[in-house]
Ligand SMILES: Nc1ncnc2c1ncn2[C@@H]1O[C@H](COP(=O)(O)OP(=O)(O)OP(=O)(O)O)[C@@H](O)[C@H]1O
Ligand SMILES: Nc1ncnc2c1ncn2[C@@H]1O[C@H](COP(=O)(O)OP(=O)(O)OP(=O)(O)O)[C@@H](O)[C@H]1O
Ligand SMILES: [Mg+2]
Ligand SMILES: [Mg+2]
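Residue numbers (my numbering), protein chains in the order written: chain A, 5 to 382; chain B, 2 to 514; chain C, 492 to 908; chain D, 5 to 333.
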């Protein structure tokens with residue numbers, strides 16, 4: 005019995021060990037790179053940490069994380085059943101554009117207006133992703149290709165739609181071009197989450213939390229989630245168990261896209277109120293890294309998002325201090341790698357430990373075991 | 002039992018005090034084995050006794066934690082299979098080791114390729130001739146240029162053996178080679194073995210079919226719980242004695258008690274057709290299974306059994322005919338709906354279709370019953386309910402496991418199978434499809450599974466039984482149907498037919514009575 | 492990486508007119524050319540088959556093809572390589588950085604070297620540490636970008652005519668032509684005769700101003716086929732990607748072969764990047780690869796993990812990309828090509844009694860015709876979609892009997908580990 | 005890190021000033037051989053002349069307004085004044101930050117939406133005017149009556165170049181054909197960094213009859229020049245932003261007929277100078293033909309000589325207002 009407790013104790017210990025090891029690994033490697041370019045690692049890290057602790061920066065980090073969180077969840081949802089949705093990037097940009105266009109075109113009571121915009125975003129994202137789903141189900145085309153292609157197609161499509169004679173308005177004296185501004189009724193105010201910070205945290209952080217919870221609940225607790233994970237882990241067994249895989253592919257692709265549709269919303273409803281040329285791009289790809297970093301779990305992804313938010317934001321201070329800010333990219337890459345490597349190392353350690361233990365048990369229990377066979381031989 | 006020292010001369014293989022540990026288990030503990038040249042040496046033991054592990058050690062796939070390997074009197078250390086191959090040891094694995102997407106030729110020559118272009122190119126021509134030679138020599142003919150995925154199990158088995166012979170092996174390890182073969186194929190294999198033996202090769206032969214063992218082996222070594230417990234002389238020892246050595250239990254034989262067949266049809270298939278790219282996988286299949294009846298489906302693997310099962314399960318949509326379950330036409334139903342209507346399914350390949358290996362037992366219990374109490378309530382998974390019921394299965398069906406939270410992959414084959422059987426029996430099904438329910442399962446577990454089938458049948462369950470083990474098929478079935486090239490070609494009476502007759506019916510050789 | 496579904500083979504069974512594979516291919520190609528030529532004559536969009544287009548198409552196809560070839564090598568050994576983009580970036584930087592100081596060829600070598608480094612990182616992660624292939628690949632894409640930007644800051648910042656985001660120009664490589672050929676064919680091409688001029692144009696495009704590196708690239712495709720499918724080395728490498736445990740049981744050093752494959756994969760991706768920085772343009776520029784690594788991956792899948800098919804995929808992409816960059820009129824004419832293509836496939840589907848596919852095809856055919864007739868040019872942004880849409884179109888129409896190496900993407904752990 | 009090599013106060017005998025200038029680049033940053041470099045040149049000139057301390061920060065791809073905001077804020081916070089934002093992307097963020105730091109003077113290039121904000125100076129250019137002139141020159145130089153415009157990325161800013169170029173060309177030859185192509189669509193800004201695509205496109209235009217091509221495509225221009233060079237005699241390229249006859253690779257420079265000069269460097273220099281002198285420029289500072297803020301270059305004398313007369317005549321008319329150049333294509 006208490007041996008069991010000892011086991012669990014060690015298991016917990018090990019599961020903590022992995023992340024710690026990972027962070028340590030990436031800090032070391034990053035430091036080496038820094039030092040090689042004649043920058044003092046210690047100083048650099050302290051600068052980053054201190055900067056991150058300023059209320060203003062903390063807010064920025066959280067805001068960045070909120071956006072990343074949606075992106076990573078979208079990717080993770082696909083990964084949970086072995087679908088690789090590289091198309092989150094295209095999905096959220098198209099969704100944001102159309103949502104912005106609709107939001108800027110109508111006047112509605114607050115809740116309805118916001119609701120409508122979010123709905124449009126989710127639907128557009130979902131449908132756009134469903135295209136990949138359909139092509140996979142009915143034409144057997146790998147979603148990897150389709151989503152890659154759709155990303156580029158999206159870019160062209162947006163360029164086509166984002167012109168003065170279509171969805172956009174050209175503000176006089178501006179070289180930017182964007183959709184008409186969303187009126188106040190369609191905006192989501194910020195929250196003073198971080199004490200004494202001039203900036204506010206995106207109001208949609210609440211939505212992020214909700215989506216995160218739903219993600220966990222659907223995947224871990226619902227029948228649908230069970231089927232989804234089953235398909236991801238052993239498709240043939242899932243089919244035999246009555247899962248309609250084609251339908252699952254379509255639905256999960258659509259859901260993944262629907263979540264992707266939300267990626268642009270904090271920015272759109274909380275900051276820019278318009279989709280314009282300088283609307284943030286490429287978040288979908290960051291999302292992939294974060295999803296993998298967070299091992300496709302709601303919590304892990306949240307931590308990953310904050311980590312990436314922190315690194316991205318701190319690149320600014322590095323630039324100011326004359327430290328090459330590209331170091332941040334390197335760190336991000338290294339972290340993603342070292343996390344998985346750390347987990348693998350811990351896994352192996354666990355096996356070795358187990359083997360030793362078995363060995364010990366035997367040397368003690370050997371005597372009693374051996375007697376029976378002899379009897380049989382006689 | 003005969004004393005070790007009788008057989009003279011230098012043993013071709015001598016394993017002394019082999020111990021091999023895996024996380025959580027000691028697969029082998031102080032195992033000893035001597036194989037004389039020009040003999041067939043059988044190794045028998047329960048599932049998980051450590052037979053395959055021992056052989057993998059001999060084949061250099063892993064190093065023993067303790068003990069020595071001696072080949073032809075010379076003690077050796079085998080770092081990898083190449084070392085073993087170089088010393089003339091060859092192994093046919095329990096699970097086929099063939100790459101589907103490569104041709105037979107490519108599979109055979111892999112690692113020992115004939116060269117051309119001055120050692121740079123792969124000489125397919127030379128390989129073809131060599132393979133044909135071997136084929137003739139030992140009666141193991143296969144077309145070198147087909148993709149392995151298009152081969153039936155018999156042919157795959159042959160390819161595996163050719164692979165070994167191609168490398169000029171002198172010691173031949175066969176790990177359960179007959180598990181998937183029909184009698185005729187088994188005989189063919191044994192003939193080949195005799196030829197090999199005559200040429201002075203040593204053969205280590207693993208099987209759970211003890212009659213087989215006694216008919217082909219010159220010596221027998223019995224392994225129990227990872228260690229050698231006895232050697233036996235096949236001429237004198239009886240299957241029962243062997244079984245007792247292995248498990249200390251009686252050797253069960255599948256015998257149906259008095260018939261429980263009712264006149265209530267549960268499953269009816271009428272003129273079912275299944276066509277793929279113009280080829281008929283199933284042609285005009287018509288059969289009926291009544292409540293309390295076990296219908297045995299005999300056939301050489303790859304003659305449409307899988308397709309038939311998948312049609313009943315709704316995993317394939319039939320191109321003609323109707324399927325009725327308890328008077329309801331289910332032809333167009335989804336797999337899930339059919340399962341809900343009361344079809345249980347023990348799949349042929351438990352790892353592919355039966356289990357999620359990297360999921361805990363209780364999740365595997367939910368699999369296939371996602372929509373039913375006690376696993377789920379409404380759209381949600383009812384963890385408590387599912388876990389409780391898993392405990393029940395583990396108890397009732399004697400699944401040997403530390404807990405229901407371990408991954409399915411950590412269970413031994415037999416126990417995995419028992420879990421599946423228990424799962425498919427729960428939620429009292431109307432129809433049970435049992436494909437090779439005892440394949441690779443040791444005698445103990447076998448008996449248990451047979452009893453389960455009998456009891457369920459007695460309670461009015463209709464069973465479609467598919468098995469390559471003809472004794473099992475004949476012993477359990479109330480009626481037998483033979484399937485050949487997607488057609489039901491013969492009805493035979495299990496009470497009168499012999500395995501040999503059945504086998505020839507299956508191969509289309511001669512019609513059985 | 493992705494769930495595979497029951498796929499519907501088209502050409503596989505019942506080969507057309509019972510021709511053998513190569514002849515069938517040739518026949519299809521010729522038919523395609525005839526259609527193209529017809530449409531050129533009808534629409535007067537002479538750029539459809541002009542030497543310029545073909546030449547540009549090759550230019551644009553080579554980096555994608557090389558990247559795809561890299562993907563093929565590693566996936567044939569069972570290692571999925573999403574990191575191609577990152578390795579390409581490394582390659583383009585290596586070429587740009589060394590190229591301007593020590594000449595183009597040195598640059599090419601450096602490109603390969605940098606790519607190999609990227610590949611080795613991937614190999615260490617996936618083979619030695621058994622990390623999920625996609626994770627490692629994604630990480631390498633980030634690392635490749637970060638490392639090059641970082642190094643550019645250190646190594647290029649104060650270079651003459653260079654900067655933190657671009658290298659100084661290098662000398663580039665010679666682009667020989669078959670002497671006299673151009674003079675011979677040009678008149679014929681300019682006649683714009685049916686078929687003859689098209690053939691002339693294509694030949695001229697293929698055999699004039701061909702960069703040496705392009706020739707190398709094509710040789711590499713052939714070499715890859717020979718190495719992987721006609722040598723023991725290749726057989727072992729592929730077996731590792733199909734069933735590592737079977738390979739292992741025959742004494743094949745699985746990990747070693749995976750290392751070979753992934754290193755080569757990196758080298759090829761690096762070379763693809765080098766091509767951009769030496770031939771396509773003669774300097775390294777940040778963002779130069781522009782996602783070609785991913786396109787290469789797509790081309791590989793398009794080509795069914797076969798060098799031949801891969802070449803077709805890359806070629807198709809290069810051709811349509813050249814088209815959209817060069818000539819809007821021709822792109823508009825492509826609508827008619829699409830129409831013809833769809834019509835042809837509809838007929839084929841009817842012949843094969845695949846009613847649904849036929850119906851769908853027909854609908855789209857009519858749509859594209861209507862679109863063509865009611866417009867006389869496509870909007871600028873829309874034309875830039877051409878290569879992507881075409882790829883998807885062809886994929887969804889063509890046979891879907893794709894088959895990836897069985898063990899691709901699976902983490903390999905030796906027996907008893 | 006653009007800062008690292010240049011953020012120390014000058015030493016030695018060169019003049020010093022206690023003014024600290026902060027400059028935030030657009031994506032690409034110093035060394036892009038284009039727009040950003042032009043701003044950098046102006047900044048360096050000011051630094052050398054007045055010994056001001058400078059700090060340069062760079063943008064990263066696809067970043068959010070929040071990030072740009074933070075960048076400007078860090079500079080303002082760090083006591084840098086004035087703070088310059090290179091590119092219209094800074095409009096929104098500068099609007100916010102300018103309010104937070106009323107005592108800091110900001111300047112933004114290529115945007116005048118902040119005209120109302122007192123402490124923001126808008127440095128804008130009449131690109132359409134300069135493009136009009138090179139358009140006219142192109143039409144004059146063209147023997148085939150067919151000219152091309154290669155834009156880097158399809159944005160309203162680049163469309164101003166296109167608009168001017170077309171009008172200018174048509175002013176000289178009303179039935180001239182103007183081929184137009186943008187290399188990429190936002191947010192894909194690779195069109196400014198893809199010489200290979202530039203070359204392919206130019207090649208296509210030449211095959212379709214064009215003999216003069218205006219490359220408003222940043223780094224991709226190099227490709228256009230190559231294509232023109234390969235096309236041989238009587239084919240001309242027109243550069244953009246800086247005088248590319250002076251900066252382009254030696255083997256192609258001779259085919260660069262002229263360049264449409266957009267003096268971002270002057271704008272930056274003038275602005276810094278004004279704050280050094282104490283009467284900082286405010287409001288909207290428009291740079292156009294009249295003040296040489298935009299112009300066409302004459303450095304390829306032999307080549308440009310035959311066309312200067314007509315060009316200068318048109319220039320006067322534009323300055324005089326007889327010709328109104330629209331900035332919409
Ligand atoms: N790679 C492995 N890792 C961990 N445990 C293993 C491994 N291989 C075998 N085992 C365990 O070692 C024991 C012996 O396995 P082995 O396969 O040798 O039994 P066997 O006698 O071949 O059984 P069967 O008759 O079912 O083939 C089993 O408990 C099995 O679970
Ligand atoms: N175009 C190709 N690209 C890559 N591999 C190929 C190609 N054509 C054939 N192969 C492979 O090369 C090997 C030898 O080619 P060969 O044509 O003799 O065999 P094959 O099975 O007839 O090929 P295929 O299936 O393409 O007809 C085979 O394994 C085949 O799969
Ligand atoms: Mg075994
Ligand atoms: Mg062939």
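All C-beta atoms in this analysis are idealised placements derived from N, C-alpha and C, irrespective of residue type, glycine included.
So with CB distances below 9 Å, who are the chain C contacts of residue 336 of chain A? 630, 633, 634 and 637
Presumed contact (8 Å Cβ cut-off) between residue 164 of chain B and residue 108 of chain B, rounded CB distance: 7 Å
Taking 8 Å as the threshold (C-beta atoms), are residue 36 of chain B and residue 203 of chain B in contact? yes
Between which two residues does the beta strand (DSSP E) carrying residue 75 of chain B extend? 75–77
For residue 234 of chain A and chain B, any beta-carbon pair shorter than 8 Å? yes
Tell me which residues share the same chain as residue 216 of chain D and place their Cβ nearer than 6 Å to its Cβ, disregarding the 5 neighbours each side in the sequence. 142, 145, 146, 151 and 240
Is the shortest distance between the beta-carbon of residue 753 of chain C and the beta-carbons of chain A less than 8 Å? no
Consider the Cβ of residue 743 of chain C: report whether some Cβ of chain B lies at a distance smaller than 8 Å. yes
In three-state DSSP terms, what is residue 122 of chain B? strand
Output yes or no for whether 8 Å exceeds the beta carbon distance between residue 308 of chain A and residue 96 of chain A. no
Could you check if residue 194 of chain D is buried or exposed, using at least 16 other CB atoms within 10 Å of its CB as the buried criterion? buried
Listed by chain order, chain B residues near residue 300 of chain A by CB distance under 7 Å: Neighbours of residue 300 of chain A on chain B: none; closest Cβ ~14 Å, over 7 Å.
Interface flag, residue 144 of chain A vs chain B, CB-CB below 8 Å: no
In chain B, what lies closer than 9 Å to residue 841 of chain C by C-beta? Result: empty, since nearest Cβ-Cβ is about 17 Å, beyond 9 Å.
Do residue 130 of chain A and residue 259 of chain A have their C-beta atoms within less than 8 Å of each other? yes
Does residue 712 of chain C come out as helix, strand or coil in the three-state DSSP assignment? helix
Whole alpha helix (DSSP H) elements within the segment 26–54 of chain A, 4-residue minimum: none
Taking one C-beta from the segment 654–671 of chain C and one from the segment 32–49 of chain D each time, how about it: are there three or more such pairs within less than 8 Å? yes
Within 8 Å of any Cβ in chain B, is that where the Cβ of residue 737 of chain C sits? yes
Using a C-beta to C-beta distance shorter than 7 Å, which residues of chain A count as neighbours of residue 359 of chain B? 237
Interface flag, residue 715 of chain C vs chain B, CB-CB below 8 Å: no
Is there a Cβ from chain B that is less than 8 Å from the Cβ of residue 901 of chain C? no
Helix, strand or coil, according to DSSP, for residue 120 of chain A in the structure here? helix
Where residue 735 of chain C falls, given that 16 or more other Cβ within 10 Å makes a residue buried: buried
Can you say whether residue 638 of chain C is buried or exposed, counting buried as having 16 or more other CB atoms within 10 angstroms of its CB? buried
Taking 8 Å as the limit between beta carbons, can you name the residues of its chain near residue 86 of chain A, skipping five residues before and five after? 235, 236 and 239
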